[in-house]
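Visitor:
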Amino acid sequence: MEKAESHFTKRAEKYNHSSNWVVDQKLIQMIFDLAEVNENSLVLDLACGTGLIANAFHGRVKKVTGLDISSDMVKYADGCMDEIIFSPIEKMPFDDNSFDACVCRQGLQFAELDKAIPEIHRVLKPGGITVLCHLTAYNEIDKDLAFQIQELRNPARRNYLMPDDILNALKKQGLREAENIEYITEESVNKWIDNGAIANERMEKIRNLYRSSNEKFREIHKIKFTGDDILDSMLLVIAKAKK
Ligand SMILES: C[S@@+](CC[C@H](N)C(=O)[O-])C[C@H]1O[C@@H](n2cnc3c(N)ncnc32)[C@H](O)[C@@H]1O
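In our numbering, the protein residues as written are 502 to 744.
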């Protein structure tokens, strides 16, 4: 497995153009609304990267803290947050009960979940809300191929997620009112795989996996072959819960 830090060093420059979901304002607004913040809220954006999620909160709450391990990604987050802390999610340098909201989009697939979820619970204030948004497979039918594609596209990925995985981890940790919200995003495979961190050979392997996929996978993912591109309707699941 590649290290997440070096993977994102290679991706930082292209990151904001590496998929449709990355700058999808409807998705970003949904994450903002689900966090139920106000002008007095202290917000933590986990794995903040180039600051696209933090930026939605910045100026609308009391303070936005971004946390990440990649200085190369954060270089592009100028002006998106009030402070940046370099630390892994698994061991955060914050006191217990520090934040009104902890949000994360597309970060926990790189983290050790059995350490990250307790940390999120610990740093949330009682009554605080967490909103965690991640790419998942749809079900048992598409998961093998979906995970094979995800691994080729991102060799630093540690976790391959099913829709209920994060939700169940939050419930197990004792968080309340846990719920999932599904969000489908249609992605150009050519754009998604050209992430700056994988070789052409891997990109071609991914295209070939789509070309040789079976009918069930194509149906679930609403696969469309258009000219030299492939469109895949991917599933993002937003898990929300309260401490
Ligand atoms: C796919 S990007 C997501 C960035 C941002 N959250 C967004 O939605 O655009 C993943 C980010 O997770 C960070 N990351 C990976 N593993 C991490 C860890 N264990 N702790 C903190 N950040 C991590 C990477 O450096 C990268 O910036």
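Glycine included, each C-beta is placed from N, C-alpha and C at the ideal position.
Output the distance between the C-alpha atoms of residue 541 and residue 699, rounded to the nearest integer angstrom.
Guide: For the purposes of this step, residue 541 is taken as the residue at position 40 of the sequence shown. For the purposes of this step, residue 699 is taken as the residue at position 198 of the sequence shown. Using only the alpha carbons, I get a separation of about 42 Å.
Visitor: Can you give the Cα-Cα distance for residue 738 and residue 551, rounded to whole angstroms?
Guide: To locate residue 738, count along the sequence shown from 1; it is residue 237. To locate residue 551, count along the sequence shown from 1; it is residue 50. Cα to Cα, residue 738 sits roughly 21 Å from residue 551.
Visitor: For residue 693, tell me which candidate among 627, 731, 510 and 614 has the shortest Cα-Cα distance.
Guide: Your numbering for residue 693 matches position 192 in the sequence shown. The option with the nearest alpha carbon to residue 693 is 731.
Visitor: Sorry if obvious, but does the Cβ on residue 520 come closer than 7 Å to a heavy atom of ligand 1?
Guide: Here residue 520 refers to the residue found at position 19 when the sequence shown is read from its first residue. Outside the cutoff, so no.
Visitor: Would residue 634 and residue 707 be called neighbours here (beta carbons separated by less than 8 Å)?
Guide: Along the sequence shown, one-based indexing puts residue 634 at 133. Along the sequence shown, one-based indexing puts residue 707 at 206. Not closer than 8 Å, so no.
Visitor: Does ligand 1 have even one heavy atom less than 7 Å from the beta-carbon of residue 712?
Guide: The residue given as residue 712 occupies position 211 in the sequence shown. No, since every heavy atom of ligand 1 falls outside the 7 Å radius drawn around the Cβ of residue 712.
Visitor: According to DSSP, residue 637 sits in a beta bridge with which residue or residues?
Guide: By 1-based counting over the sequence shown, the position of residue 637 is 136. In the DSSP output, where bridge partners are listed per residue, residue 637 has 736.
Visitor: Grouping DSSP H, G and I as helix and E and B as strand, with all else coil, what is residue 566?
Guide: Mapped onto the sequence shown, residue 566 falls at position 65. Three-state DSSP puts residue 566 in a strand.
Visitor: Would you kindly report the start and end of the unbroken beta strand (DSSP E) that includes residue 681?
Guide: Locating residue 681 in the sequence shown gives position 180, where the first residue counts as 1. Here the beta strand (DSSP E) through residue 681 covers 677-689.
Visitor: Whole angstroms are fine: how far does the CA of residue 548 sit from the CA of residue 624?
Guide: Sequence index remark: in the sequence shown, residue 624 carries index 123 (1-based). Sequence index remark: in the sequence shown, residue 548 carries index 47 (1-based). Near 15 Å, if we compare the C-alpha coordinates of residue 548 and residue 624.
Visitor: Should residue 545 be counted as a contact of ligand 1 given a C-beta to heavy atom distance under 7 Å?
Guide: Your numbering for residue 545 matches position 44 in the sequence shown. Not under cutoff, so the answer is no.
Visitor: Taking 8 Å as the threshold, find out whether the segment 596-613 comes into contact with the segment 649-662 through three or more Cβ pairs.
Guide: The segment 596-613 vs the segment 649-662: in contact.
Visitor: Residue 619 to residue 676, Cα distance in whole Å?
Guide: What you label residue 619 is simply residue 118 of the sequence shown in a count that begins at 1. What you label residue 676 is simply residue 175 of the sequence shown in a count that begins at 1. About 10 Å.
Visitor: Nearer than 7 Å: is that true of the beta carbon of residue 585 relative to any heavy atom of ligand 1?
Guide: Taking the sequence shown and counting its residues from 1, the one referred to as residue 585 is at position 84. False, no ligand heavy atom lies under 7 Å from that Cβ.
Visitor: Given a threshold of 16 other Cβ atoms within 10 Å of its Cβ, counted over all protein chains shown, does residue 597 qualify as buried or as exposed?
Guide: Position 96 of the sequence shown, counting from 1, holds the residue named residue 597. Classification of residue 597: exposed, given that the 10 Å Cβ count is below 16.
Visitor: For the candidate residues 709, 630 and 721, whose alpha-carbon lies nearest to that of residue 685?
Guide: Translated into positions along the sequence shown, residue 685 becomes position 184. The candidate whose alpha carbon is nearest that of residue 685 is 721.
Visitor: Is the Cβ-Cβ distance between residue 567 and residue 582 less than 8 Å?
Guide: Here the question's residue 567 lines up with position 66 in the sequence shown. Here the question's residue 582 lines up with position 81 in the sequence shown. Yes, Cβ-Cβ distance for residue 567 and residue 582 is below 8 Å.
Visitor: Please name the residue in 660, 504 and 642 whose C-alpha comes closest to that of residue 615.
Guide: Residue mapping note: residue 615 aligns to position 114 of the sequence shown, counting from 1. Looking at the Cα atoms, 660 is the closest of the given residues.
Visitor: Give the DSSP-derived three-state secondary structure of residue 545 in the structure shown.
Guide: Locating residue 545 in the sequence shown gives position 44, counting from the first residue. It is a strand residue.
Visitor: For residue 695, verify whether its CB is less than 7 Å away from any heavy atom of ligand 1.
Guide: Translated into the one-based positions of the sequence shown, residue 695 becomes position 194. For ligand 1, not one heavy atom lies less than 7 Å from the Cβ of residue 695.
Visitor: How many Å lie between residue 718 and residue 725 at the Cα?
Guide: As a working note, residue 718 is residue 217 in the sequence shown. As a working note, residue 725 is residue 224 in the sequence shown. Cα to Cα, the separation comes out at about 12 Å.
Visitor: Excluding the 5 residues flanking residue 734 on each side, which residues of the same chain have their C-beta closer than 6 Å to its C-beta?
Guide: The count along the sequence shown starts at 1 and reaches residue 734 at position 233. Counting only Cβ-Cβ distances below 6 Å, and skipping sequence neighbours, we find 685, 687, 722 and 723.
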